[in-house]
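**Q** Supplied in structure tokens, the structure appears directly below.
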Amino acid sequence: MSRSLCAPVISILLAVSSCFHARPAVAQEKPLRAARSVHLWYEAPPAVLFYNEITVDKSYPGTYFCVCGFKHGYFGIQELIKPDEKVVIFSVWDPGKQNNPNEVDPNERVKVLHAGDGVRVSRFGNEGTGGKSLFPYQWRVGERYRFLVKARVEGERTNYAAYFYLNESQEWKHLVTFQTITGGDYLQGYYSFVEDFWRNGTSATKDRKARYGNGWAQTVEGPWIALTDATFTADRTPTLNIDAGREGNDFFLTTGGEVQNRTPLRSKIKRLPEGLALPDATVKVAVKRKPTDKQWHHHDTRTLAGLLDFNPAANPPLDQYGGLIGAKSDATGFFHAKKIGNRWWLIDPLGHRFLHIGVCSVAPGKSSMDREAVRERFTGDGDWTRRTNELLHGHGFNGAGAWSSTDLLRACDKPVVYTQTWSFMGAFGRARKLVWQEPGHLGYAGKCIPVFHPAFEAFCDEYARQLAAARSDPYLLGHFSDNELPLSGDMLDLSLALDANHPDLRHGYEAARAWLTQRRGAAAGRKDITDADRAAFLEYACERYFRITTQAIRRHDPNHLCLGPRLYGGSLRRPEVLRAAGRHLDVVAINYYGAWTPDPKLMAMWARESGRPFLITEWYAKGMDSGLPNNSGAGWTVPTQKDRGAFYQNFTLALLESPDCVGWHWFKYRDNNPLDLSTDPSNRDSNKGIVNWQFEPYPPLLQAMKDLNANAYRLVEHFAARSHPPAAIDR
């Protein structure tokens, strides 16, 4: 390795000595060839992450501005000697004190585990040996840059990953991961420096200055430590044109040229802690709303690997339901919802905190083609039950969502926690010929649910009698009352347009007319309706629906959660719907489409208006590598199963960040059978499943799901810690 890329090795070793034995510099007797190297040493315990920022105020060719230096390597930016040539550099040393890289046993050399696009990786020597990486990058004077080093210990070796934040695209670039023999060291011995590596005489006459700030280290135990204390040192070059100190809330280092020294060597410099806003790394995923769209759009996508301040590991021990063994709440023998601190949880029958992580439509199917596929793959329904439960549990799922074969799923030693899907309004409308099948849900006459029909309440009570069969089952989470009802903002207008002479529609018209008269007077007509009127009537109608259905459910099954009609579409943005739901439901079920990343403001509105937690009960993406045309359904279209896995992680990470989300259900277990036209139009030809329609799993998707699910409870804790400002190191 050339001096221009590794000169600080000797300087750093000398600096360690200067911390204890520094003497005042004397005036030089002959011209210097290089500016004096200057350093900042930060105080923090061993860490898994080292984050720091730099702004270069003055530079000159042949200068290295190290930002994140540590015991086994260093990371920073350089202005090289050639005009306009600048790089980001990260280097890690081999063990030992040798200078010839060829003398190092191949088994003891630094290993390259990852090299990013455009990153040049090679060996170096002469001042220690090891691995170096160079990323050509035209960094600019006066601009802030962010650096992050991540350490992972594997026995006697440590993996050091270097990340550089690209301001232009606002994303982290994973430059390289080196592995070296450390004896099990994490990050330690933190420093920054400014060094002149040209050493041609002229370079000694040029000023260099850099500011360092907002540095942090995440300790091995987990807490973040602000790097608020630094010690100023320098090499033994006999000159006094060096300085360090605090400028604003940054440390600064300056050397060479006309610099005047004001801060003595070995001085302790302090700054104030700042907030750590560490951006997560993202990947780009190509996305279409429909496969027939002409262009792919590339969406920023977070994955588990992109959480640079999180080290994945298996969840802590779980109980038989999938709840987190540890702190206990009231054990009622059934599931209930409880807010603990500022976060909502489901509490399982044993009193443990629980997230419902499920898959919809876990069923072998009923058509002749379905039964033939089962016979080809399984020895019978019992074999399907056993292997499907193993598939779900083996990939971190603990639940089954809507439209699952609950009787089959329960017939095993370790069942998943399930839900039941009912159709209170749908069955009532079907009995009166007021509904028909539309893609994904039922359509209703006049686009209005017949909630004001005088027979609806008695019907619901009779319909709910069947719920009593499972009232004692601890593995039942709760009940969906319907699916995707048309709770539209113009329900008042639509109700006033209903046929006043129709025996089953006139009740909706009469209720709307009476409501408007009471609110606005007998003379008020449709042209007088305001948006405030529309919102108030929608809340009035929803209130009636939620009251009647939940009372019927609780009358026949008082033990399980009322989850509602799986709200969707425009109703998700209507506070009045959420307010009415919250007065009656235990948890608000949400079918959430049209968002690549869940909107935190929207999720906060759901919880604020309802006063209840929410459960995401449908969402998915379809892969074009499945061989299916993917024309049906509301989910996103992506190129591959790996992209589906990235979407799963991106979506669920945002859900776990919300303190009001208590779980999610991926839609769905099995792909659509393109030959089966007996299903509703939204489920005919698309890749929605974790298995294809012949029950063959999709490994890339399932691996991404498993990785995320296995860390779900730890991620809740991780995001909660992020929401509280880390403290500065205690002196």
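Following the numbering used here, the numbering of the sequence shown begins with 346 at its first residue and continues without gaps.
Note that CB positions come from ideal geometry on N, CA and C, so glycine has one too.
Computed from a predicted structure; not experimentally measured.
1) Between which residues of its own chain and W517 is the CB-CB distance below 8 Å, once the five residues before and five after are set aside?
2) According to the neighbour-count rule (16 or more other Cβ atoms, all chains shown, within 10 Å of its Cβ), is H1010 buried or exposed?
3) Rounded to the nearest angstrom, what separates P1026 and K1013 at their Cα positions?
4) Kindly indicate the opening and closing residues of the alpha helix (DSSP H) around Y535.
5) Pick helix, strand or coil for Q811, following the three-state DSSP scheme.
6) Within 8 Å (strictly less), CB to CB, does T408 reach chain C?
7) Go through its chain and collect everything with a Cβ distance to H852's Cβ below 8 Å, but skip five positions before and after it.
8) Please report the distance separating the alpha-carbon of G725 from that of L663.
9) Among the residues of its own chain, which have a CB less than 7 Å from the CB of D970, if the five just before and after it don't count?
10) Does the region 730-741 come into contact with the region 710-721, if we say contact requires no fewer than three beta-carbon pairs (one atom in each stretch) closer than 8 Å?
11) Who pairs with I399 in a beta bridge, going by DSSP?
12) In this structure, does DSSP put N504 in helix, strand or coil?
13) Going by DSSP, which residues form a beta bridge with E783?
14) Return yes when the Cβ of A991 is within less than 8 Å of the Cβ of T648, no when it is not.
15) Could you spell out the range, first to last residue, of the beta strand (DSSP E) harbouring N936?
16) If H642 and L669 are in contact, beta carbons under 8 Å, what's the gap, nearest whole angstrom?
17) Quick one: is P583 buried, meaning 16 or more other Cβ sit within 10 Å of its Cβ, or exposed?
18) So which of R1067, N1032, S1023 has the shortest CA-CA distance to S713?
19) To which residues of the same chain is G956 closer than 6 Å at the C-beta, ignoring the five residues directly before and after it?
20) From M836 to Y885, what does the alpha carbon distance come to, in whole angstroms?
21) Where do the ends of the alpha helix (DSSP H) carrying H798 lie?
22) Comparing C-alpha positions only, which one of D1016, G686, L1053, N1037 sits nearest to D1005?
23) Between A676 and V1007, is the Cβ-Cβ spacing less than 8 Å?
24) Please report the distance separating the alpha-carbon of L479 from that of E472.
25) Around the Cβ of R911, are there at least 16 other Cβ atoms within 10 angstroms (buried) or fewer (exposed)?
26) Should G968 and Y938 be called a contact, given that it needs their Cβ atoms to be closer than 8 Å?
27) Tell me where the beta strand (DSSP E) around C1006 begins and ends.
28) Tell me whether T895 sits in a helix, a strand or coil according to DSSP, three-state version.
29) With DSSP as the reference, identify every bridge partner of E717, one or two as the case may be.
30) Give me the residue from T503, A708, P440 with the minimum Cα distance to N1037.
31) Going along the chain, which unbroken runs of the alpha helix (DSSP H) with 4 or more residues stay wholly within the region 736-778?
32) Drop a sphere of 10 angstroms on the beta-carbon of R368, count the other beta-carbons inside from all chains shown, and report buried for 16 or more, exposed for fewer.
33) Roughly how many angstroms separate the alpha carbons of A1055 and F1040, rounded to a whole number?
34) With a cut-off of 8 Å on the beta carbons, I'd call L1053 and Y993 a contact; round off their distance for me.
35) Which residue comes first and which comes last in the alpha helix (DSSP H) that contains V1061?
36) Assign S467 to buried or exposed, taking buried as 16 or more other Cβ atoms, counted over all protein chains shown, within 10 Å of its Cβ.
**A** With the given structure in hand:
1) Your numbering for residue 517 matches position 172 in the sequence shown. Hits under 8 Å: L493, Y508, F509, Y510, L511, P624, D625, A626, T627, G651, L653.
2) Working through the sequence shown from its first residue, we reach residue 1010 at position 665. Buried, because 16 or more other Cβ atoms sit within 10 Å of the Cβ of H1010.
3) For the purposes of this step, residue 1026 is taken as the residue at position 681 of the sequence shown. For the purposes of this step, residue 1013 is taken as the residue at position 668 of the sequence shown. Each residue's alpha carbon lies about 16 Å from the other.
4) Taking the first residue of the sequence shown as position 1, residue 535 is located at position 190. Annotation for Y535: no alpha helix (DSSP H) segment contains it, and DSSP assigns it neither H nor E.
5) For the purposes of this step, residue 811 is taken as the residue at position 466 of the sequence shown. If DSSP states are grouped into helix, strand and coil, Q811 belongs with the helices.
6) Of the protein chains in this structure there is only one, and it is not chain C.
7) Locating residue 852 in the sequence shown gives position 507, counting from the first residue. Same-chain partners within the cutoff: P795, F797, H798, P799.
8) Taking the first residue of the sequence shown as 1, we reach residue 725 at position 380. Taking the first residue of the sequence shown as 1, we reach residue 663 at position 318. Straight-line measurement puts the Cα of L663 at about 30 Å from the Cα of G725.
9) In the sequence shown, residue 970 corresponds to position 625, counting from 1. Its chain contains P984, T985, Q986 as the residues whose beta carbon lies nearer than 7 Å to that of D970, once the 5 sequence neighbours on both sides are disregarded; these appear in chain order.
10) No: fewer than three Cβ pairs fall under 8 Å.
11) Residue numbering aside, residue 399 sits at position 54 when the sequence shown is read from its first letter. Paired residue(s): Y490, Y557.
12) Counting from 1 along the sequence shown, the entry for residue 504 is found at position 159. Residue state, collapsed to three classes: strand.
13) The sequence position of residue 783 within the sequence shown is 438, counting from 1. Answer is H786.
14) Taking the sequence shown and counting its residues from 1, the one referred to as residue 648 is at position 303. Taking the sequence shown and counting its residues from 1, the one referred to as residue 991 is at position 646. In this structure, the beta-carbon distance from T648 to A991 falls below 8 Å.
15) Taking the first residue of the sequence shown as position 1, residue 936 is located at position 591. 933-936 is the span of the beta strand (DSSP E), which, as asked, contains N936.
16) Here residue 642 refers to the residue found at position 297 of the sequence shown. Here residue 669 refers to the residue found at position 324 of the sequence shown. The pair is not a contact, with the Cβ atoms about 38 Å apart (cut-off 8 Å).
17) Walking along the sequence shown from the start, residue 583 turns up at place 238. By the neighbour-count definition (other C-beta atoms within 10 Å, threshold 16), P583 is an exposed residue.
18) Locating residue 713 in the sequence shown gives position 368, counting from the first residue. Answer by Cα proximity: S1023.
19) By 1-based counting over the sequence shown, the position of residue 956 is 611. Cβ-Cβ distances below 6 Å link G956 to G927 in the same chain, with the five nearest sequence neighbours on each side left out; the list follows chain order.
20) Start at 1 with the first residue of the sequence shown, and residue 836 comes out as number 491. Start at 1 with the first residue of the sequence shown, and residue 885 comes out as number 540. If you take the alpha carbons of M836 and Y885, they lie about 11 Å apart.
21) Along the sequence shown, one-based indexing puts residue 798 at 453. In the DSSP assignment, H798 falls outside any alpha helix (DSSP H), carrying neither H nor E.
22) Here residue 1005 refers to the residue found at position 660 of the sequence shown. It is G686 whose Cα lies nearest to the Cα of D1005.
23) The residue labelled residue 676 in the question sits at position 331 within the sequence shown. The residue labelled residue 1007 in the question sits at position 662 within the sequence shown. Using a Cβ distance threshold of 8 Å, A676 and V1007 do not count as a contacting pair.
24) For this step, residue 479 is matched to residue 134 along the sequence shown. For this step, residue 472 is matched to residue 127 along the sequence shown. When rounded, the distance between both Cα atoms is 18 Å.
25) By 1-based counting over the sequence shown, the position of residue 911 is 566. Buried, by the Cβ-count rule.
26) In the sequence shown, residue 968 corresponds to position 623, counting from 1. In the sequence shown, residue 938 corresponds to position 593, counting from 1. Their beta carbons are not under 8 Å apart, which means G968 does not touch Y938 by this criterion.
27) Within the sequence shown, numbered from 1, the residue matching residue 1006 stands at position 661. Run containing C1006: 1006-1011, per the beta strand (DSSP E) assignment.
28) Against the sequence shown, residue 895 aligns to sequence position 550. Note: T895 maps to helix in three-state DSSP.
29) Stepping through the sequence shown from its first residue, residue 717 is reached at position 372. Answer by DSSP bridge pairing: none, since E717 is not bridged.
30) Mapped onto the sequence shown, residue 1037 falls at position 692. Among T503, A708, P440, the Cα nearest to that of N1037 is on A708.
31) Complete alpha helix (DSSP H) runs here, min 4: 751-755, 769-776.
32) The residue you call residue 368 lines up with position 23 of the sequence shown. Below a pLDDT of 50, predicted positions are generally treated as unreliable, and R368, at 42, falls in that range; the measurement from the model is reported next regardless. Exposed, since its Cβ has fewer than 16 Cβ neighbours within 10 Å.
33) Here residue 1055 is taken as the residue at index 710 of the sequence shown, counted from 1. Here residue 1040 is taken as the residue at index 695 of the sequence shown, counted from 1. The straight-line gap from Cα to Cα measures roughly 23 Å.
34) Position 708 of the sequence shown, counting from 1, holds the residue named residue 1053. Position 648 of the sequence shown, counting from 1, holds the residue named residue 993. Between Y993 and L1053 the Cβ distance is about 7 Å, and since that is below 8 Å, they are a contact.
35) Start at 1 with the first residue of the sequence shown, and residue 1061 comes out as number 716. First-last of the alpha helix (DSSP H) with V1061: 1057-1067.
36) To locate residue 467, count along the sequence shown from 1; it is residue 122. Exposed is the call here.
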